[in-house]
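Chains as they are written, first to last, in the working numbering: chain A, 22 to 521; chain U, 22 to 521; chain X, 22 to 521; chain C, 22 to 521.
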C-alpha cells in the first residue's frame, strides 16, 4: 500500500489507527532494508509475517507476476498448477542464466535478488560457523556429490594434463562417484589406525603426489565429516602438501558446518596451506530438504569460475529453502542449534558408553570425530556372523533410523573399484561396530528412545541365541515382536515417548 | 519494500531490472488504491498475488502483528496454532467493538479496514444485482435466520407493544424459528393456489393487520426465494400495505441476490411502499462457506441501529471470505455467474420437462419462481405411499444432493406450531412432487448427471413394483444396487461422468 | 491409500519399506481412532501431519467434496474462490441444520463429525479447567455478548412473565447490551467497596428479587472475569439465592476458563445452588480468532434447548479453530499455558508493585481478582485532570495494547442507561487507576516491555508538567517523541527488545 | 481413518451419512490405486482434494514423518522451518541414493514411490506426445544444460578415446557450455541457408566424423527446438550417420515436447538410425518452475547408466512439481494445452505477417520451425545501427518479455570460442530480425498485447528518426513514454487489456 492508499484508509477508519498501522509496517520494512543493505543474517529470526511480506515483494518483481506482462518467448514462467505456483511463492524463473548460475536475470529481478541475498546470507553463516576468511560461496541446487563433480570439472580446464585425484579413503559412495562421474581416476589412500581412530596417512599422500607427478594430479580430495572410527582428515598437513606441490585441494565438508571442529580445520588449512574449495550439504547442515549444496572458497575468482561452469538456469528451490530457514532462525537461532548439537553429542556419548559396558562392549575412543560415535559389537559378532546385520534390521523395524551396523569383512565393488572391509574405511578394522551420530536438530528424546530400543534389541538378540539363527528370519522376529507388543503394550508407550 | 530497500536492491542486481520490478509493483498498488478510494468491486477480478499482497498489508496494521507490540489486556489477538493464524491471514481481532459490529477497533486498523471495505463492496454488488437504491448494508457472521432474529429484536425497541409477526407461510424451519427465537408470535397466512403456483394471500394479510391492530404487529415478514410451487411473495403489494398501516417490513431474501427477479421485487417494493430491511445469505448467493448474511436496507439510520444491536465483537471470517471472493471474481465475474445461472435454469427446466413427460408426470407451471422447479410424482404416489420417500432416499444414495421429494400429508410441529402438508407450503397441495433448483455455480454436468440418475431411479422404482414395498427397505435397495453396480460397472461410469 | 494401493506400491519400491511406511500410517490412524472413540482431548498435542490428515479425511466425507456428486439444491457447498476453499480445509457446509445448531447434516457427514468432536473436546477441557460436573456444552459462532442474548431468549420461553434481569454492575458494554438486545430491562445492582475491592452486594440482589417478584425476573446475570478492582461475583451466594427463589442464573464467564479460581466459583455455585448456563469466549480463553463462544451448563436438556434456539446453520470456522488448537496443544499443552499464565500474573503483580511505589502510587489490593490488576494514578490525577487520559494515549502510541486508564468522573450513557464513573464499575471509586492483565499466552517479555514503556511514559508526563497541558495534544506528544526517538535510537532498541 | 474410526464416527453422527462419506472416500482411493497400479497419467485431471490426499499419504510413509521415529544418523530429514516443511508437503529426503538417483531409499518409502510414479507418468506423457517407442526416462533436478553434461560424462566411460563432440551450430550458451563443462571440445558445424531457413549441413557433419575418426568423436549433439530462422536439425539423417559410424547421438530437445513435429523427428530418428538419449526441460514443456529436465532414451540400460552417474541424492522438488502438474491436468488437459499452442502459433503467425507488412517488413518463411517465428527488421536496421537494439529495449520496458531482437554483426566469445553473428546461428544472416514464439500456455491476449505494443514501439522508433539517435538513451525513452502515459492514460488501458 502506498501513500494514497493509506490516505484513503484514513478516511474509512480513524487516521490515528491507520497511522499506527502504517508505523507498524515500517518496522517490517526496516528489517527488510537492513537485510538488503547489509546482506547479513539478522541476529534474531524474523517472524512469518515479515518473511512472507518479503518473499511476496520479491516475487512481484518477476515478470511472470507483472499484471501487464505479455510473454512471447519460449520460457515465460507460466505455471499450469496453482498448487505449484503457491508452493514456490510464485518464483518460477529459477536462478542464473545460461552462462552463469550466479548471473542476474532480466526477466526476474526478484528471483535474482533472492539468489544474491541467499548467497550473501550463507557466506555470513559460514564465517560465523568458523571459516572467517571465506571469500565467496554460492548455493547450487545439486547434492554434495554432484557439486564436487562440478568442482573437478572446473579444475580440468586449469589442469589439462591431470588424470588422478588423490583421495584418503572414506567409504561413502557418492563422494567416490563424484570423481568417477567427472572422468578422473581416484587414487585411494588407505587410512592408518591410531588407537581406535582411522586417520589420514600423510606420508602415503605425499609419496603418491611425487610418484604420479604433481601435474598429473587434478587435486587432493579430502574429507572432514565422516563416520567414526574414521576421523576428519588432517587438513592442515594436506593443505601444506598441496601448497608445496602446487596441487589444488577440494574438501568434502558434507555435514561439517555444524561442527566448529570441522570448520576450524578448514580455516586452519587455508591459513597455513591451500584449499581451493570446500563443499557442504544444505540439508545436513541447515535442516532443509535434500537437494542443495554450498560451494565455498578462499579465492573469489575461482568460485566464480565454478559458478560459470554450471550450464543453464537452475532450480531456486534450495535457495528459497535456506533463505527462509536462515531468516526464520536468525544467526542466534542457528548458533543455538549448534550449541544444542554439541550438548547432545556429549549426552549420546555418555549414554552409549553406559549401555555398551552393560553388554561387555565399549565405546570406541575417537576424540577427533566431533559428530559420529561407534560402539563395538564384538560379543555379538563372535556369537554368530549374522547377528550384527540382524541387529541393524531390528533397529530399522523399530523405527530407529540412521543407526548403522558395520560387520567385518564386507566387500563391495563401486564403479569397478573393489573395497575390502567396505563401510569401515579400512581393509581390516579390528571389530564390528555400530554407529550413531549427533547431528543438528537432534533432541534428547531421540537419544533416549534410541538407547531404550537398542537395549531392547540387544536383549532380544541374546534371547534368540538358543535358536537356530540360520533359520531365524525377520518374519519370525516380527512375529515374536508382535506378540511382545501385545503383551507389553509397548506400542502405546512408544507413542507416548515419541510425543512427550 | 521502501525506497531504500529498492536502492539497496539496485546495488545487488541491475538497476534497470529492479526499476522494472518496482514499476510492476506499482500496478498492484494502483489496484489497491482504487479499491480503497472508490470502495467498489473492481470490474475485473484480481489475481491471487494482488489479493494476498493486499490482505498481508492489511494484516500487518493489526496490533497483534506489530513487531514491537506488548499486550497487557485480556484480549490481545494471540494465537496458539500457526495453522489457525495462517488460515485467517493473521486477522485475529474479528470485527466490531462491544458497542457496534460496524465500529472501528483501535487495536486493529487492518481488520477495521477489511470490515469497511467488505461492506462497501457488498453494497456495490447489491446495487449491481438490482436493488439500485439500497442505502446501507453490513455483513454479519450469522446465518440468515439469526440475522432475521436480530432485525426483529431491533424492531422491538421501536414498537414496544408489538407481539405478532405476520408471515405468509413458507415451509422452512429457520425462518419460522427466527421469529420464535426473537420472542414473537408468528401469525401464519396460508398461501392461495393460482394455477400450479402458491402465492401470497394479500387480502388475508391486510385483514389480519386490521384485526390485530397495526401497533400490535411488529412487522410483516415476507419471503422472496423459495421452493416451487410456492413463488416469491407479492412484495410490491405487501410493501404498500406496510406503508399504509405504518407497519415495518422485513424481507427474507435468503438466496435471492442471484435472481434479478427477486432483486427487482425488492427494488419495486421499496419504491412503491415500505421495506425496512432485507436479509440474504452469503453462502447461497456468493459461493462462500456457510455462516454469514447481509442485512441491507433503504434507511441508513435503521441499518446502523441493527448493527448496534449486535452485542460484542464478531468473527471476521465470513467478511474475509466474501472479500476474497468478490475481489477474485470482479463484478464481471459475478455477472457472468448470474448469467450462467439463468441459462442453467432454462436448461434444467427443459430437461425436467422432457423426462417428466416420459414418465407420465409433468413440470409444474411456476413462472414466478426464477430458481426452483417442481415435477409431479403423481404416478409414483398412486402406486405406493412410500414410493415418494423411497425415491428421495435413492437419490441421496446416488450422490444427488439437494433434490427434495415432497410427499402428501406430511405433518410437522415446529416450536409448538403444527403445519399440515409440511414442506409443501400449504395444507393440501394437489399432488406429491420433486424439487430441483438452479442455483449459482451450477454446471451443465450437474444437470446432466441429475437427469440421468433421476431417470435410473424412476426406472428402478418401477421395477420393484412387484415386490412387497412395505418390506422393502433402504438396505435391500442398497444390496440390489450394489449387485447392479458390480454387473454394470456403473460406479466407473459415474466417476467418468463426474470428471468429464 | 487402501490395501490394493499399498500392494501396488510394494511392486514399485521394496515391500519392506512400504510395509514400514504402512505401519507408520497406522500410528496416525490410531490417534484418530482414539479421538473418535473417546471424544477427549489427547494428552499430547498432535503434530501437523496427523492433524491435516484428520481434517482431510473429514472433509472428503462432505458431499461438496464427493467426486461424483451432483447438486440440484439451493445450497450445495460450492465455492467460487480456491483460496477460500483451502483456508476452510474444504469444509463449506457449516454446522447445524435449520432446526438446531448441534444437529447432524445429511449432506455433510464430515462437518457434522467435526462439530460433534469439537463440542466433545471442549467439554473435556472445561472439566479439566475446573468445572468437573458440567453436563453439556456447545460452540457457537457468536461472541460472548450475542451468546448471552441467546441464553436470555431461550429463557423467555420458559418464563413468559419475566421482564427484568438482575445484574451486578460490570462496566463492559457488550454484556449490558446482551440484555437490551434480548429485550429485557437490566436491573443494575451497584457493587460494594470492601478494602480496595468492588464486590457483589448480595443483600441488594436478594432484596431486588423480592421487590420485583421472582416470576418477573428472567434471571440473575453474574460475572466472573472482570477488570480490577472489581472482582468476580460471589457466585456461590448468588447461586443459593437463585435456588431459593427459583430464579435462573446465567454466568458471564467471558475469559474465566483460563483461571482456576473463576472455574472453581462456577463449580461451587452449581454444587450449592443454581447455575443454568455459563458462557465463555473462545478467543480470550483459547487463543483463537475472535468470533466464537462456548455455552455450557449443568443440565443437558437446557443446553440442548439453547442450541435449538439458534435458527439456521452457522459458521464452522470457530469450531474448526478451536479443534485445531486443542488437538495441536493437547491437554498437556493447555495445562502448561494455564500454569504459565498464573506465573505471569505473579510476575506482573510484582513488577507493577515495584514500579508504582517508585512513583508514589500503589498496586490496589485485589486478591479475589485472579487476572486483572490495577495501579493507582493518584499523583498524576491530582496534577492535572487530563494527565490520566494523556497517559493512556501515550501508551497506545508506544504499542502497548490492552492497558486501560480509568479516570474519575467519567459518565456514559449506554442504550439509554446512564452510568456514573463508567469503566470503574461504581459511581465513585476513590481514585483514578491503570489496569493491566495477565491473560493466557502472555510472555515475560510482554511484562518487561510494558513496565519499561510505562516507566518511560510516567517520566515523560512528569517532564511536561511545566508546559501548558491544556494545549498539550497528542500531535505535540508525537513530535516530542519523534525527536526523542531520533536522539535515542529508541526505535531500534524496541525492535531488539521485541524480538529478544 | 480406518474401519474402527468410521465405526466410532457412526456412533457420533448417523451411520447412513458416515457410510455415504466413507463411500465417497473410496472413489478418491480408487483413483490412487489406478495410478499406482497402471503408472499412467489419468485421462482426467484430479481435483486438489484427491491430489493432496495422495501426497499426504505418501509423505507419512517417510521416516521423518513417523510418529515414533528416532533418528541417530547424519541425515534424518529434520526441518527447521515449518514454512519449508509445508511447501514440500513434508517430503524432505529428496530422491535417489548415493549410488543412483533412481534408487529406492529405505528411510523414505513415500519419496521413493513419488519418484517412481513421476518417472512413470512422464514416460507415459512422452509417448503420448509422439515418441511412442521410448524405453525409459527419469526426471533429474538440473536444467537441460547440466543434464546434457551428465549424458556426455556417462558416454566418456564408454568411449575413453573420444575428445570431440560434433555440434550443428545453435546460438544458445548453455548447450554449448554443456560440452565444455563435460570437458570435451565442441566441433561446430555451420548451418546452411535454404530459403530463409538455416538447416543442418549433413555433408559437413559426415565429413567431420570421417576426418576426426569415429572413435575420437564422443557423440553428435543435435537440437530440435530453436529460434527461427534456424529450424530443427535433420534428425533422421543425423541418426543414420550415427548408426553407420557407430557414433552416439544425444538430442537437445529442450522445449520440443510441446511440438508434435519435434517429437516426430525424434521418433523417426530412432526408427531409422541411432539416438542414445534426448533431453528436455521440465519448465519449458510442462509449465513448472525452472530447474528440472527429463533424460529419456530408447535403450533402458543406457538410461539407467546415466541415472547411476549422478552421485548422491537429489532434490525431489522438480519431480513433485511435475507430478502435481500432470495429475492436475490429466492427459486430456495436457493434450488440450498442446492443441491450443498449435492454434496460437497460427494466430501469432498471421498477426505478425500482417503487422510486418504494414511496416514494409516480412515474416521469414520458416515452415520447419513449429514454435519460433522471425520478422525482418530491415528498414529499421537500415535507418540506424542502434535502432534494432533500441527496439528490444523498448519492448522490455513495455513488459513484453521473450521477444528477441537480433542485430547483424554481433560477435561473442563463449568459453574461448568466438561466434560471429552470434544469436543468429550463422556468421552472416541476410538481415536483422525479431523473434517471437508460441510456447505452451500462451494465450490470445498475449499475442494481442504483443502485437499492439510492437506496433506502438515501431511507430515510436520512426518518430525519433529526426532526433540524434546516438544520444538517445533509454532514460529519455522512458521520459517520453512517461509523458505519453500521462496524456493517453495508456497505463489504465494496459491493465484493462491485461485482465480482459
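Cβ coordinates follow ideal geometry from the N, Cα and C atoms, glycine included.
- Cβ proximity to chain C below 7 angstroms picks out 103 from the stretch 100 to 114 of chain U.
- Check the Cα spacing between residue 194 of chain C and each of A:333, A:389, A:324: the tightest is with A:333.
- In the structure shown, the three-state DSSP call for residue 236 of chain X is helix.
- Rounded to whole angstroms, the gap between the alpha carbons of residue 218 of chain U and residue 355 of chain X is 58 angstroms.
- If you look at residue 419 of chain U, you'll find it isn't in any beta strand (DSSP E); DSSP assigns it neither H nor E.
- Remark: C-beta atoms of residue 93 of chain U and residue 423 of chain X approach each other more closely than 7 angstroms.
- Leaving aside the five residues that flank residue 222 of chain X on each side, the residues in its chain whose CB is nearer than 8 angstroms to its CB run, in chain order, 189, 210, 211, 212, 213.
- Listed by position along chain X, the residues whose Cβ is nearer than 8 angstroms to that of residue 81 of chain C are 42, 45, 46, 49, 70, 74.
- From the beta-carbon of residue 165 of chain A, the residues of chain C found nearer than 7 angstroms are 333.
- Excluding five sequence positions before and after residue 278 of chain A, the CB atoms of its chain that fall closer than 6 angstroms to its own CB belong to 150, 301, 306, given in chain order.
- For the pair residue 169 of chain U and residue 133 of chain U, the CB atoms are not nearer than the 7 angstroms cut-off.
- At a cut-off of 7 angstroms between beta carbons, residue 133 of chain U contacts chain A.
- In the structure shown, residue 133 of chain C adopts helical secondary structure according to DSSP, grouped into three states.
- For residue 90 of chain A, the residues of chain C that pass the 7 angstroms Cβ criterion are 420, 422, in the order they occur in the chain.
- If you check each beta-carbon in the stretch 191 to 216 of chain A against every beta-carbon of chain C, the ones closer than 9 angstroms belong to 193, 194, 195, 196, 197, 198, 199, 200, 201, 202, 203, 204.
- Residues of the same chain with a CB within less than 6 angstroms of the CB of residue 84 of chain C, apart from the 5 flanking positions on each side, are 90, 128 in chain order.
- Apart from sequence neighbours up to five positions away, the residues of its chain that approach residue 290 of chain X with a beta-carbon distance below 8 angstroms are 256, 257, 259, 260, 270, 272, 296, ordered along the chain.
- As DSSP reads the structure, residue 302 of chain U sits in a beta bridge with U:314.
- Nearest in C-alpha terms to residue 479 of chain U, of all of U:412, U:243, U:314, U:174, is U:412.
- Between residue 160 of chain X and residue 473 of chain A, the alpha-carbon positions lie close to 43 angstroms from each other.
- In the pairwise beta carbon analysis, the stretch 74 to 81 of chain A is classified as touching the stretch 70 to 83 of chain U: at least three pairs are separated by under 8 angstroms.
- DSSP places residue 26 of chain A in the uninterrupted alpha helix (DSSP H) bounded by 24 to 33.
- Contact between the stretch 336 to 347 of chain C and the stretch 308 to 326 of chain C is present, with at least three C-beta pairs closer than 8 angstroms.
- Residues of the same chain with a CB within less than 6 angstroms of the CB of residue 391 of chain X, apart from the 5 flanking positions on each side, are 280, 282 in chain order.
- The continuous alpha helix (DSSP H) containing residue 371 of chain C extends over residues 338 to 379.
- When the alpha-carbon of residue 191 of chain U is set against those of U:182, U:207, U:178, U:185, the nearest one is in U:207.
- Across the set X:433, X:453, X:466, X:265, the C-alpha of X:453 shows the shortest separation from the C-alpha of residue 404 of chain X.
- When 7 angstroms is used as the limit between beta carbons, residue 118 of chain X is near no residue of chain C, the shortest such separation being about 12 angstroms.
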